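Since the structure comes first, as structure tokens, the remarks are kept for the end.
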Amino acid sequence: MDKGLKRKIIETGRRLGLPQKTVKSLLEHKAEFEFEVCLDRTKQCFKAYRIQHNSSLGPHKGGIRFHPSVSKSEVATLATLMTLKTAAIGLPLGGGKGGIAVDPRTLSKEDLEELSRNYARFIAPYIGEDKDIPAPDVNTDSSVMDWMLDEYQKATKSQTKAAFTGKSINNGGSRGRSEATGLGGYYVLERILENRNEKFPKTVAIQGLGNVGYHFAELIASNKKYKLIAVSDSVGGVYSITEKNLDPKKVMDAKLAGRSVVDFAKKNQDTKLVSNEELLTLDVDVLILAALSDAITEKNMKQCRAKYIVELANNPVSDKAHDYLTKNKVVVVPDIIANAGGVTVSYFEWLQNRQNQIWGKQKVYKKLKKYLVNATDEIHDIVSSQGISYKDAAYEVAIARIARNDGSGEQGIGK
Ligand code: GLU
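For the sequence shown, this note's numbering begins at 117 and goes up steadily by one.
Structure (structure tokens):
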């Protein structure tokens, strides 16, 4: 597990006066599965993991990512963050994470399906709707979840759809799940700015234009309170010289037609190219980190000029960079609330599957907003009264809830 994360958990436990036993249980995970998944056709094999961190508040919950950088320690860090995330929001769920160390862009669709099915067959005996419920994460989507659920059902001879979330709508997925993480981050940012009596308009730059970053960009661009002036992907970024709102759809179309958002900059005179590193240091009000871990570290923290940094990805600001930035009055909106929209709608999907219900999109959005606004307010109150950072306050809420063992998701609703 990440050293910085360990340190934060220990410090929070100390501040809350918790027994050592409780803190220790959060520094370890309950179970780990380390294995290999192979492809029949090419005979290639890849390292794979599922880590179940903590289930004090309910079944383990968390995504499965396909990325070459996946390692046991990264999965352990991400599983721990899931425990803290579900607890910070007040969901009756614990934390887990999984992954395969593979670059899915090198695989054909058939290979991707085979790999997903082989992974699900291996973990099938250890997961389930009351034990551990996987979901999508980096480079995995509803098709991957559909294949995995099918394989799980065959392996366990069960019919349940609630063993995976983030499925396609026709296969028991929830309406609103695909946009949930971006939408949730938007609700959280809006609420924090409102609580801090901020003035508008605010300029925004977004690092990462995948599923999460794109949905977030659409919401920002459609609201007059913001100006989306820069976006980037793994190749590079585009910056609006005139500080006019970028149209995410047009940028995305250029990306899909070519290979990157930089193709948009090449064709539009009002814009210029920026590197990913430059985007992180632009003089904007709000910087959204929607790519991978460690975007801001000791190396570039001193160059950051944004007043608000939103961790839409998991762990994009290192521990040392977080402490430096908050000391310098930058508000870092922590991942465990900023990107909790995905797992919150996963929880709704799990409830719908178990109760044989289908909720409309508006009901999903309304409930999502309630959960996230309540959690943000609870954390903001601690920030105001104790003068600590949003991350430290979010960890306090989460760890205190785990220590009390009161995973009562519905209590938060309607408060
Ligand atoms: N992978 C997402 C996350 O990191 C969603 C997890 C879930 O829906 O269980 O929060």
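Every residue gets a Cβ at the ideal spot worked out from N, C-alpha and C, and that includes glycine.
As the structure is a prediction and not an experimental result, all values here were calculated from the model.
Open item on the list: Here's the rule I'm using: 16 or more other beta-carbon atoms within 10 Å means buried, otherwise exposed. How should residue 76 be labelled?
Closed with: Only positions 117 to 531 of the chain appear in this structure, which leaves residue 76 out of reach.
Task: Outcome for residue 427 when other beta-carbon atoms lying within 10 angstroms are tallied against a minimum of 16 - done: The residue in question, residue 427, is buried, as its Cβ has 16 or more Cβ neighbours within 10 Å.
Task: Boundaries of the beta strand (DSSP E) in which residue 345 is found, first to last residue - done: From DSSP, the beta strand (DSSP E) with residue 345 extends over 342-348.
Open item on the list: For residue 531, which residues in the same chain have their Cβ closer than 7 Å to its Cβ, ignoring the five residues on either side in sequence?
Closed with: Since pLDDT at residue 531 reaches only 30, below the 50 mark, its modelled position is unreliable, and no value is offered.
TODO: Evaluate contact between the stretch 199-212 and the stretch 251-258, counting only Cβ atoms and requiring at least three cross-stretch pairs below 8 Å.
DONE: A contact between stretches requires three or more CB pairs, one per stretch, nearer than 8 Å, and the stretch 199-212 fails this requirement with the stretch 251-258.
Open item on the list: Based on DSSP bridge pairs, tell me the residues matched to residue 176.
Closed with: For residue 176, which the question treats as bridged, DSSP gives the partners 248.
Task: Residues near residue 469 by beta carbon distance below 6 Å, same chain, minus five either side - done: Cβ within range, chain order: 277, 278 and 288.
- [ ] State buried or exposed for residue 241, treating a residue as buried only when at least 16 other CB atoms are found within 10 Å of its CB.
- [x] Under the 10 Å beta carbon count, residue 241 is surrounded by fewer than 16 other beta carbons and is classified as exposed.
TODO: Kindly indicate the opening and closing residues of the alpha helix (DSSP H) around residue 202.
DONE: 188-205 is the span of the alpha helix (DSSP H), which, as asked, contains residue 202.
Open item on the list: I'd like to check one pair, residue 323 with residue 348: are the Cβ atoms closer than 7 Å?
Closed with: In contact: residue 348 and residue 323 (Cβ atoms closer than 7 Å).
Open item on the list: For a cutoff of 7 Å on Cβ pairs, would you count residue 147 as touching chain B?
Closed with: Although the question refers to chain B, the structure presented lacks it and comprises just one protein chain.
- [ ] Please list, in chain order, all residues of the same chain as residue 447 whose beta carbon is under 6 Å from its beta carbon, the five residues on each side excluded.
- [x] Excluding sequence neighbours, residue 447 sits near 424.
TODO: Give the straight-line distance between the Cα atoms of residue 529 and residue 487, rounded to the nearest whole angstrom.
DONE: Because residue 529 carries a pLDDT of 36, less than 50, the predicted location of this residue cannot be relied on, and no value is offered for it.
Task: residue 205 versus 393, 390, 450 and 356, residue with shortest Cα-Cα distance - done: Among 393, 390, 450 and 356, the Cα nearest to that of residue 205 belongs to 450.
- [ ] Assign residue 307 to buried or exposed, taking buried as 16 or more other Cβ atoms, counted over all protein chains shown, within 10 Å of its Cβ.
- [x] With 16 or more Cβ atoms within 10 Å of its Cβ, residue 307 is classed as buried.
Open item on the list: Taking the beta strand (DSSP E) that residue 160 belongs to, which residues open and close that run?
Closed with: Per DSSP, residue 160 lies in no beta strand (DSSP E) segment and is marked neither H nor E.
Open item on the list: Can you determine whether any heavy atom of the ligand GLU sits closer than 6 Å to the C-beta of residue 462, and answer yes or no?
Closed with: Taking 6 Å as the cut-off, the C-beta of residue 462 counts as close to a heavy atom of the ligand GLU.
TODO: Identify the continuous alpha helix (DSSP H) that holds residue 484 and give its terminal residues.
DONE: Boundaries of the alpha helix (DSSP H) harbouring residue 484: 477-502, taken from the DSSP string.
Open item on the list: So, for residue 182: in the same chain, excluding its five sequence neighbours on each side, which residues have a beta-carbon less than 6 Å away from its beta-carbon?
Closed with: Within the same chain, residue 182 has close Cβ partners 216, 218, 220, 255 and 256.
- [ ] In the DSSP assignment, find the beta strand (DSSP E) that holds residue 459 and state where it starts and stops.
- [x] No beta strand (DSSP E) contains residue 459, which is instead part of the alpha helix (DSSP H) from 457-471.
- [ ] Rounded to whole angstroms, what's the CA-CA distance from residue 354 to residue 380? Just pull it up for me.
- [x] Residue 354 and residue 380 have their C-alpha atoms some 7 Å from each other.
Open item on the list: Applying the 10 Å Cβ sphere with the 16-neighbour rule, what's the burial state of residue 517?
Closed with: The residue in question, residue 517, is buried, as its Cβ has 16 or more Cβ neighbours within 10 Å.
Open item on the list: Does the distance between the C-beta of residue 177 and the nearest non-hydrogen atom of the ligand GLU fall short of 6 Å?
Closed with: Distance from the C-beta of residue 177 to the nearest heavy atom of the ligand GLU is below 6 Å.
Open item on the list: With H, G and I counted as helix, E and B as strand and the rest as coil, what does DSSP make of residue 444?
Closed with: Here residue 444 sits in coil by DSSP.
Task: Residue environment, residue 123, which counts as buried when at least 16 other CB atoms sit within 10 Å - done: The residue in question, residue 123, is exposed, as its Cβ has fewer than 16 Cβ neighbours within 10 Å.
Open item on the list: At a threshold of 6 Å, does residue 251 count as lining the ligand GLU (C-beta to nearest heavy atom)?
Closed with: Answer for residue 251: yes, Cβ within range of the ligand GLU.
Task: Whether residue 457 touches residue 300 by CB criterion (7 Å) - done: A contact, by the Cβ cut-off of 7 Å.
- [ ] Report back the beta-carbon spacing between residue 465 and residue 293 to the nearest angstrom; my notes put them in contact at under 8 Å.
- [x] So it is a contact: roughly 6 Å between Cβ atoms.
- [ ] Starting from residue 434, trace the alpha helix (DSSP H) both ways and give me its first and last residue.
- [x] DSSP places residue 434 in no alpha helix (DSSP H); its state is neither H nor E.
TODO: Measure the C-alpha to C-alpha separation of residue 168 and residue 174 and round it to an integer number of angstroms.
DONE: Residue 168 and residue 174: Cα-Cα distance of roughly 12 Å.
Task: Assumed close pair residue 420, residue 442 - CB separation to whole angstroms, cut-off 8 Å - done: Not confirmed; about 12 Å, so no contact.
Task: Between the CA atoms of residue 239 and residue 265 - distance to the nearest angstrom - done: For residue 265 and residue 239, the gap between their C-alpha atoms comes out near 11 Å.
Task: Proximity test, residue 459 beta-carbon vs the ligand GLU heavy atom, cut-off 6 Å - done: Checking the Cβ of residue 459 against the ligand GLU gives yes.
Task: Nearest to residue 312 (by Cα), restricted to the options 477, 319 and 493 - done: It is 493 whose Cα lies nearest to the Cα of residue 312.
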